[in-house]
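Heads up, the sequence shown is in UniProt numbering, so the first residue is 1 and it goes up one at a time.
Glycine is no exception: its CB is placed at the ideal position from the N, C-alpha and C atoms.
All values derive from a computational prediction rather than experimental measurement.
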Amino acid sequence: MKNFFTIIKEIAKGKSLIRTMMNLELKDFKLSGKVLDIGGGKNPSYLRFFKKEDGLNFISLDLMGENKIDLEKESLPYKDKSVDQVLLFNILEHIYNHKFLVNEVRRVLKDDGQVIGFVPFLVGYHPDPHDYFRYTNESLERIFKDAGFSSIVIQSIGGGPFLANYNIIMDYMPRVLRIFLFPFYLVRDSVILKIKPSLVEKFSLGYLFVIKK
Numbered sequence: 001m002k003n004f005f006t007i008i009k010e011i012a013k014g015k016s017l018i019r020t021m022m023n024l025e026l027k028d029f030k031l032s033g034k035v036l037d038i039g040g041g042k043n044p045s046y047l048r049f050f051k052k053e054d055g056l057n058f059i060s061l062d063l064m065g066e067n068k069i070d071l072e073k074e075s076l077p078y079k080d081k082s083v084d085q086v087l088l089f090n091i092l093e094h095i096y097n098h099k100f101l102v103n104e105v106r107r108v109l110k111d112d113g114q115v116i117g118f119v120p121f122l123v124g125y126h127p128d129p130h131d132y133f134r135y136t137n138e139s140l141e142r143i144f145k146d147a148g149f150s151s152i153v154i155q156s157i158g159g160g161p162f163l164a165n166y167n168i169i170m171d172y173m174p175r176v177l178r179i180f181l182f183p184f185y186l187v188r189d190s191v192i193l194k195i196k197p198s199l200v201e202k203f204s205l206g207y208l209f210v211i212k213k
């Protein structure tokens, strides 16, 4: 696995495997212009991994906190085609009326704008304050197409059954044990995936999506 030592360091800091693997995929993306981060909260870890252009105008909206908004029924407080990029990380599973939110995202996004986001799949119940859905790559593509997006790229994040199991149980381990057991699960995952590579699709931890109008 690439970035093995970086993953170990992030696990040592208390980060989950799914969050670490998601963050590492963001190193090739750049934030520029007016960027709207929806549901990320205060200082989300993924911002450390993005490249950032000078003059970045970063705005955060959330279900709770200072810039609180009801994402299921309140329009985003921005004009049509006024935002360069929208970030949707780990938020759609908490929104029951996700169709409304996705349509609002498309409305405020410039014609050449970009949406970058992520949804978890093989993870436990995590209300914030609610937890409604788990999306497959097929459902995500359908949701964004129905909203009028034409360019949709969806990438599976994760490995096989052993890493999926590790991601779930690691929260119940002391950090030292998490670090010690990660190579154990990784090696076994590598072996079984060489025998049956198709298992990657069945045990995705989540999906990173990049979409444009």
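Worksheet item: When the Cα atoms are used, what is the spatial distance from F58 to D70?
Response: 20 Å
Discussion item. Taking the alpha-carbon of K212 as reference, which of F162, F149, N43 has the nearest alpha-carbon?
Written reply: F149
Worksheet item: Any idea if T6 is buried or exposed, counting beta-carbon neighbours within 10 angstroms, 16 or more meaning buried?
Response: exposed
Item to complete: Give the DSSP bridge partners of F58, in chain order.
Response: V35
Worksheet entry | Within 8 Å, strictly: CB atoms of S198 and S156 | no
Practice prompt. Name the residue from I8, Y135, F118 whose alpha carbon lies nearest to the alpha carbon of Y96.
Written response: Y135
Discussion item. Taking the alpha-carbon of F180 as reference, which of N3, K2, I11 has the nearest alpha-carbon?
Written reply: I11
Worksheet item: Is F121 near G40, with beta carbons less than 8 Å apart?
Response: no
Discussion item. By alpha-carbon positions, which one of F182, I152, R106 ends up nearest to K79?
Written reply: R106
Worksheet item: From this set, R19, K52, V191, F209, which residue's C-alpha is nearest K145's C-alpha?
Response: F209
Item to complete: Could you give the DSSP three-state label for F89: helix, strand or coil?
Response: strand
Item to complete: Name the residue from E74, H94, P77, Q114 whose alpha carbon lies nearest to the alpha carbon of L87.
Response: Q114
Worksheet item: Mind pulling the alpha helix (DSSP H) runs of 4 or more residues that sit fully within the stretch 145-204?
Response: 161-169, 175-195, 199-202
Worksheet item: With respect to the alpha helix (DSSP H) encompassing L71, which residues constitute its N-terminal and C-terminal limits?
Response: L71 -> no alpha helix (DSSP H), and no H or E assigned at all.
Practice prompt. Just list the beta strand (DSSP E) runs in the stretch 73-138, keeping only unbroken ones of 3 residues or longer that don't cross its boundaries, in chain order.
Written response: 83-89, 109-120
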